[in-house]
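For the sequence shown, my numbering assigns the number 256 to the last residue and increments by one with no breaks.
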Amino acid sequence: MKRRKYYDVPEDNVITLRNVYKSYTKGTPALDGISLDIREGEFVFITGDSGSGKSTLIKLLLRELEATSGYINVLGYDLGTLKHRKIPKFRRNLGIVFQDFRLLENRNVFDNVAFAQLVLQVPKYQIKRNVPDILKTVGLADKYRSKAEELSGGEQQRVALARALVNKPLILLADEPTGNLDANNAWEIMDLLEQINEQGTTVLVVTHNLEFIEKMHKRVIRMNQGVIVEDEEGGIYDDERY
Ligand code: ADP
């Protein structure tokens, strides 16, 4: 594990932030001094108003952006000193799903999921085994020949989830994964995320949906204007703020 000597990273943390600032321009920073510990195997909701810094946090964790100052360690990688050529290897450990699915629309379900393995040069015979396995996990085993654009929103998000999971990431980041779905499909995705977490993957979910937060009793981190204003185990929430 690569660690800077002067930061104490707890042994079972998969994500550690210490005093992280991120400014895009002069003026109020998007992240205004964040410290955070996420342990292996946790399921964490990240919530807060639009503009509070949630996406910036996700982009920093993916190393799409660099912090202006502060320390970020993900899975033992110090992101402040991570060399560009090492970023792809680092990212293999992370799965990501977005609100808008981001599938290859004119390709079929199998190809969309296989793509994530092809870029890692996984041998074809393994891809042929792995893709049906993961499609079974998300309940789409019988749809592998369907084109992405022919699927419902809920099915498309399940394909996106399969694509995020096929390389067996240690951490799954989901940025508003149910934002484009109706209530039933949203719950199906949330149930899948919970199952995936129960199998050991650390899961971070950005959401505005209070129903999930209230009913699922997970850790909830609430952000406001670039800082963490609440960090509660078990989804206990003060409704008056909403
Ligand atoms: P959230 O995901 O909670 O909606 P963001 O992380 O997208 O919040 O944004 C936090 C703040 O940073 C907002 O004030 C937003 O306007 C600003 N911001 C986000 N991305 C950029 C960017 N690429 N350039 C300049 N400002 C940005």
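By construction, the Cβ of each residue, glycine as well, lies at the ideal position given by its N, Cα and C atoms.
Model, not experiment: these values are computed from the prediction.
Counting only the same chain and skipping the five closest in sequence on each side, list residues whose C-beta sits under 6 Å from that of residue i.
i	result
F226	M204
G240	P43, A44, L45, D46 and G67
Y256	Unreliable placement is indicated for Y256, whose pLDDT of 44 sits below 50; no coordinate value is reported for it.
L50	L31
A155	L149
E163	E119
A128	I141 and V145
R82	Checking the displayed sequence, the identity of residue 82 turns out to be Thr instead of Arg. Here the set comprises Y35, K36 and S37.
How would you write the range of the beta strand (DSSP E) that residue i sits in, first residue to last?
i	result
R53	L45 to R53
A188	I185 to D189
D245	V241 to E246
R236	R233 to N238
L206	Here L206 belongs to no beta strand (DSSP E); instead the alpha helix (DSSP H) covers A197 to E212.
N27	N27 to K36
V10	Residue 10 lies beyond the residue range present for the chain, which begins at 15 and ends at 256; the question has no answer from this structure.
I59	Contrary to the premise, residue 59 reads as Phe rather than Ile in this sequence. From DSSP, the beta strand (DSSP E) with F59 extends over F57 to G62.
G84	S83 to V88
Could you pull out every residue in the same chain whose Cβ sits closer than 7 Å to the Cβ of residue i, ignoring the five residues on either side in sequence?
i	result
E254	Its pLDDT being 47, under 50, E254 is placed unreliably in this model, and the coordinates cannot settle the point.
R194	Reading the sequence as shown, one finds Asn at residue 194 and not Arg. Excluding sequence neighbours, N194 sits near Q113, D114 and G167.
V152	R172, L175, A176 and L206
G248	H231
Can you give me the Cβ contacts of residue i inside the same chain, cut-off strictly under 8 Å, excluding the 5 residues immediately before and after it?
i	result
V131	Per the sequence shown, the amino acid found at residue 131 is Gln instead of Val. So the qualifying residues of the chain are Q140, I141, N144, V145, V180 and N181.
S166	N199
D189	K68, S69, I72, I110, V111, F112, Q113 and V220
Y21	T30, R32, Y85 and N87
Less than 8 Å between the CB atoms is what I'm expecting for residue i and residue j, so what's the real figure, rounded?
i	j	result
R116	A174	7 Å
V133	L149	In fact, because the Cβ distance is near 18 Å, the residues do not count as touching under 8 Å.
I86	L74	6 Å
V34	L89	Not confirmed; about 17 Å, so no contact.
I242	I48	6 Å
T216	I52	7 Å
Give a single yes or no on whether residue i has its beta carbon closer than 7 Å to a heavy atom of the ligand NAD.
i	result
I148	The ligand NAD is absent from the structure shown, which contains only the ligand ADP.
Which residues bound the alpha helix (DSSP H) around residue i?
i	result
D147	K138 to T151
T7	A query on residue 7 cannot be resolved here, the shown segment of the chain reaching from 15 to 256 and no further.
N223	Note, N223: premise wrong, no alpha helix (DSSP H); not H, not E.
V111	Note, V111: premise wrong, no alpha helix (DSSP H); beta strand (DSSP E) at L108 to F112.
N126	V123 to L132
G168	G167 to L179
- Can you list every residue whose CB sits closer than 6 Å to some heavy atom of the ligand ADP, going in chain order? Chain-ordered list of matching residues: Y38, T39, A44, G62, S64, G65, S66, G67, K68, S69 and T70.
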